[in-house]
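Trainee: My numbering puts the first residue of the sequence shown at 2, with every later residue one more than the last. Just so you know, even glycine gets a beta-carbon here, dropped at the ideal spot from N, CA and C.
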Amino acid sequence: MQKSLESLIHAFGQIRTGKAHPSVLGSVMVPYYGTDTPLAGVASVTVKDNQTLQVVPFERNMLGAIDKAIGSAGLNLNPTNLGELLLVNMPPLTEETRKGFTKQARAAAEDARRRASAEIDKLIKDYEAKIAKATDDKEKDLMAI
Numbered sequence: 002m003q004k005s006l007e008s009l010i011h012a013f014g015q016i017r018t019g020k021a022h023p024s025v026l027g028s029v030m031v032p033y034y035g036t037d038t039p040l041a042g043v044a045s046v047t048v049k050d051n052q053t054l055q056v057v058p059f060e061r062n063m064l065g066a067i068d069k070a071i072g073s074a075g076l077n078l079n080p081t082n083l084g085e086l087l088l089v090n091m092p093p094l095t096e097e098t099r100k101g102f103t104k105q106a107r108a109a110a111e112d113a114r115r116r117a118s119a120e121i122d123k124l125i126k127d128y129e130a131k132i133a134k135a136t137d138d139k140e141k142d143l144m145a146i
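1. In the DSSP assignment, find the alpha helix (DSSP H) that holds residue 64 and state where it starts and stops.
2. What residue does the alpha helix (DSSP H) around residue 144 start on, and which one ends it?
3. At the level of alpha carbons, what is the spacing between residue 86 and residue 15?
4. Measure the CB-CB distance between residue 80 and residue 19 and report whether it falls below 8 Å.
5. What's the C-alpha gap between residue 117 and residue 126?
6. Which of the three DSSP states, helix, strand or coil, is assigned to residue 55?
7. Starting from residue 45, trace the beta strand (DSSP E) both ways and give me its first and last residue.
8. Check each candidate in 141, 132, 71, 10 and name the one with the smallest Cα separation from residue 91.
9. What does the Cβ neighbour count give for residue 161, buried or exposed, with the cut at 16 atoms within 10 Å?
10. When we look at the beta-carbon of residue 44 and count the other beta-carbons within 10 Å, is it buried (16 or more) or exposed?
11. Short check: CB of residue 48 to CB of residue 38, under 8 Å?
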């Protein structure tokens, strides 16, 4: 059940709230020497202000690849290349996007509930089997005397 909760918290972290937070870029993968690498592995992401993230690559030559990866990640974010770093402005949420993100959050919560319920059902079945075995063992002991 703990994994279900952790998964839910991670899913909630991927949903934009209109405020800048580094976890928004957590799913961005950047091609780095032929392999896709998480953005956190090639750059530092910090909050510049309430609406802006600052992305500073560890290697300056990665700036273009990071810019392209953020732009094509499907997050509707357009980074601004300043030569040594990228600024990612968080667009304000419209009523439509808020409703869409609310649906995503509810779907993630329902999925976590289902996973937790399945784990509980499995635990109940396991303990029922253990109780039945203990009862059978005790009955055998009593009948053998």
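Mentor: Reading off the structure:
1. Unbroken alpha helix (DSSP H) run through residue 64: 64-72.
2. Unbroken alpha helix (DSSP H) run through residue 144: 96-145.
3. About 23 Å.
4. Residue 80 is not a Cβ neighbour of residue 19, given a cutoff of 8 Å.
5. Roughly 14 Å between the two C-alpha positions.
6. Three-state result, residue 55: strand.
7. Unbroken beta strand (DSSP E) run through residue 45: 44-50.
8. Ranking the options by Cα distance to residue 91, first place goes to 71.
9. The structure shown does not extend to residue 161, since the chain is modelled only from 2 through 146, so no value can be given for it.
10. By the 10 Å Cβ count, residue 44 comes out buried.
11. No, they are not a contact pair.
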